[in-house]
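The letter at position 40 of the sequence shown is residue 533 when you use this note's numbering, and the numbering goes up by one with no holes.
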Amino acid sequence: MSWLSSVRNALSFVVPTTKETPDNLWHKCKGCGAMIFTKEWEENLSVCPTCDHHGRIGPAARFEQLLDAGSAEILTPPKAAEDPLKFRDSKRYADRLKAARTETGEQDAFVNARGRIHDRRVVIGVQDFAFMGGSMGQAVGEAFVQGVEAAIADRAPYVVFTASGGARMQEGILSLMQMPRSTVAIQMLHDAGLPYIVVLTDPTSGGVMAAYAMLGDIHIAEPRATLAFTGRRVIESTIREKLPEDFQTSEYYLEHGLIDMVVHRKDLRDQLATVIGYLCGERKAA
Ligand SMILES: [Zn+2]
Numbered sequence: 494m495s496w497l498s499s500v501r502n503a504l505s506f507v508v509p510t511t512k513e514t515p516d517n518l519w520h521k522c523k524g525c526g527a528m529i530f531t532k533e534w535e536e537n538l539s540v541c542p543t544c545d546h547h548g549r550i551g552p553a554a555r556f557e558q559l560l561d562a563g564s565a566e567i568l569t570p571p572k573a574a575e576d577p578l579k580f581r582d583s584k585r586y587a588d589r590l591k592a593a594r595t596e597t598g599e600q601d602a603f604v605n606a607r608g609r610i611h612d613r614r615v616v617i618g619v620q621d622f623a624f625m626g627g628s629m630g631q632a633v634g635e636a637f638v639q640g641v642e643a644a645i646a647d648r649a650p651y652v653v654f655t656a657s658g659g660a661r662m663q664e665g666i667l668s669l670m671q672m673p674r675s676t677v678a679i680q681m682l683h684d685a686g687l688p689y690i691v692v693l694t695d696p697t698s699g700g701v702m703a704a705y706a707m708l709g710d711i712h713i714a715e716p717r718a719t720l721a722f723t724g725r726r727v728i729e730s731t732i733r734e735k736l737p738e739d740f741q742t743s744e745y746y747l748e749h750g751l752i753d754m755v756v757h758r759k760d761l762r763d764q765l766a767t768v769i770g771y772l773c774g775e776r777k778a779a
């Protein structure tokens with residue numbers, strides 16, 4: 494054995510053979526295509542430092558970014574009937590659910606947490622687009638009601654982050670029934686004298702847009718989010734007109750009076766605290 498081989502053999506015990514550079518070291522921005530260190534991307538709240546594109550984030554990152562350190566209490570997802578129609582398209586719905594659960598680590602597409610923002614009590618519900626396109630089925634409706642009930646119990650505002658392709662087709666009419674259901678839940682909040690604040694994130698559309706996404710007391714949107722009831726092509730072919738380029742963006746909605754403000758993710762926590770302060774100021778003092 495040459496001296497080189499013996500050194501190499503000796504080294505093989507101390508140098509791990511596993512891959513040292515994980516595949517997710519870099520993040521490619523969907524806005525401008527720039528390659529950014531994943532660590533830098535996450536430290537910048539998943540917003541591109543070059544073009545300001547706001548990436549899609551799930552419940553865990555959202556709670557982490559918004560709530561006072563150590564104040565978050567994630568609510569256990571409520572039980573909902575699974576696959577009530579025994580639905581199958583190219584795959585079984587039950588298998589799609591299983592895959593989404595493995596991929597996201599969530600039970601379904603909507604997660605609630607109690608916590609505080611600048612020491613103001615709040616219940617936050619976050620819809621996860623990564624879970625079957627954030628689609629609204631019975632579990633999402635159930636979680637929405639859970640969030641409302643938690644807010645009423647805590648005498649706190651309910652803040653919901655929407656991100657959805659719409660109703661969950663695999664649950665048919667049962668998914669559409671979540672529209673009136675969430676509307677009644679919002680009325681319960683109003684009856685309790687509590688504010689309901691919506692933060693529209695990219696993308697929010699379909700049945701969710703037609704239900705709880707547009708029923709807020711205050712509507713905030715993240716910059717350049719796609720917000721729509723139905724797609725551009727469908728509208729254009731129905732009304733036989735060309736739509737403006739920026740149609741169905743946060744900025745267009747703001748300009749046309751459909752929402753109250755467009756807020757950069759880095760300012761969201763402070764802005765929410767201000768809005769909650771305006772709406773519940775006297776409760777904090779009490
Ligand atoms: Zn970018």
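Every residue gets a Cβ at the ideal spot worked out from N, C-alpha and C, and that includes glycine.
{"Check": "For L669 and T697, believed in contact at Cβ under 8 Å, the rounded distance", "Outcome": "With 8 Å as the limit, T697 and L669 do not qualify as a contact, their Cβ atoms being about 17 Å apart."}
{"Check": "Own chain residues within Cβ distance below 6 Å of F622, not counting five before or after", "Outcome": "R549, A656"}
{"Check": "Three or more C-beta pairs below 8 Å linking the segment 647-654 and the segment 581-600", "Outcome": "no"}
{"Check": "7 Å Cβ cutoff met for R661 and G630", "Outcome": "yes"}
{"Check": "Within 6 Å of ligand 1: residues by beta-carbon to any heavy atom", "Outcome": "C522, G524, C525, A527, C541, T543, C544, H546"}
{"Check": "Beta-carbon proximity of C788 to G524, cut-off 7 Å", "Outcome": "Nothing in the structure corresponds to residue 788, since the chain is present only between 494 and 779."}
{"Check": "T510, buried or exposed, once every other Cβ within 10 Å from all chains shown has been counted against 16", "Outcome": "In this predicted model, T510 has a pLDDT of only 46, less than 50, meaning its place in the structure is not dependable enough to derive any value."}
{"Check": "Boundaries of the alpha helix (DSSP H) in which A553 is found, first to last residue", "Outcome": "552-559"}
{"Check": "Where the alpha helix (DSSP H) containing M702 begins and where it ends", "Outcome": "699-702"}
{"Check": "Where V540 sits in the DSSP three-state scheme", "Outcome": "strand"}
{"Check": "Nearest to I728 (by Cα), restricted to the options L761, R613, Q741, E575", "Outcome": "Q741"}
{"Check": "Q631 in three-state terms, based on DSSP", "Outcome": "helix"}
{"Check": "K759 versus Q558, A704, A636, G709, residue with shortest Cα-Cα distance", "Outcome": "Q558"}
{"Check": "Beta-carbon contacts of W783 that lie in its chain and below 7 Å, excluding the five residues immediately before and after", "Outcome": "Summary: the structure shown does not reach residue 783, with the chain confined to residues 494 through 779, and so no result is reported for it."}
{"Check": "For G618: DSSP bridge partner residues", "Outcome": "N605, V653"}
{"Check": "DSSP three-state assignment for H712, whether helix, strand or coil", "Outcome": "strand"}
{"Check": "Beta carbon of E635 nearer than 7 Å to that of A685", "Outcome": "no"}
{"Check": "Span of the beta strand (DSSP E), counted from its first residue to its last, around K521", "Outcome": "519-521"}
{"Check": "Straight-line gap, I690 to H683 (C-alpha atoms, nearest Å)", "Outcome": "12 Å"}
{"Check": "First through last residue of the alpha helix (DSSP H) which encompasses I529", "Outcome": "I529 -> not in any alpha helix (DSSP H); beta strand (DSSP E) instead, spanning 528-530."}
{"Check": "Strand pairing of I690, partner residues [DSSP]", "Outcome": "V652, I711"}
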